[in-house]
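Heads up: the first sequence at position 14 corresponds to 327 in the working numbering, and the numbers run straight through without jumps.
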Amino acid sequence: MADNILERVVKPGFHRRVYDVVRRIPKGRVTTYGRVATLLGSPRVARHVGWALASLPGTLTDVPWHRVINAQRRISFKGDPTRTDNQRSLLEAEGVEFDANDRVDFKRFLWMPDEL
DNA sequence: TTAGTGACTGCAT
DNA sequence: CATGCAGCCACTA
Numbered sequence: 314m315a316d317n318i319l320e321r322v323v324k325p326g327f328h329r330r331v332y333d334v335v336r337r338i339p340k341g342r343v344t345t346y347g348r349v350a351t352l353l354g355s356p357r358v359a360r361h362v363g364w365a366l367a368s369l370p371g372t373l374t375d376v377p378w379h380r381v382i383n384a385q386r387r388i389s390f391k392g393d394p395t396r397t398d399n400q401r402s403l404l405e406a407e408g409v410e411f412d413a414n415d416r417v418d419f420k421r422f423l424w425m426p427d428e429l
């Protein structure tokens, strides 16, 4: 089970909390690193959210990491460019659309949790 | 224990 | 609109 793998790969608790939030993002919706951080109670730890996702074992988890993009409404690309391609493909497969500038329309696809 | 790092963000230029 | 820069703090070595 993916969760078991996650338990072994990820030790720290903060990461674990990030994954719990990300798992709640509905299919076909996206959110930002900053919003996830805010849901965790710390609006200033957006970088840690990204870092937490960076340490995921890729496809071996049930965490929809691809539904998290940056506040500029774009997919963050630092490191491996193929990752961003994959992320975009996954989102488009769920119905999320990108405009000519590779941006997502938050009015239509941003996940707005009740808690926020 | 200390120092370095970063899938970010918001404000300034 | 595009860059640049400082702040942020859990995690890693």
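Heads up, the beta-carbon is just placed ideally off N, CA and C, and yes, glycines get one too.
DSSP three-state assignment for residue i, whether helix, strand or coil
| i | result |
| --- | --- |
| Val409 | coil |
| Thr395 | helix |
| Leu366 | helix |
Buried or exposed by the 16-neighbour rule on C-beta atoms within 10 Å, applied to residue i
| i | result |
| --- | --- |
| Tyr332 | buried |
| Pro377 | buried |
| Leu373 | exposed |
| Arg321 | Legend: pLDDT at Arg321 = 42, less than 50; position of this residue unreliable, value from coordinates given subsequently. Result: exposed. |
Under 8 Å between C-beta atoms of residue i and residue j
| i | j | result |
| --- | --- | --- |
| Phe422 | Val409 | yes |
| Gly347 | Pro356 | yes |
| His379 | Leu353 | no |
| Ile382 | Thr351 | no |
| Thr395 | Ile388 | no |
Extent of the continuous alpha helix (DSSP H) run through residue i
| i | result |
| --- | --- |
| Val335 | Gly326 to Val335 |
| Lys340 | Note, Lys340: premise wrong, no alpha helix (DSSP H); not H, not E. |
| Gly347 | Tyr346 to Leu352 |
| Phe422 | Phe419 to Phe422 |
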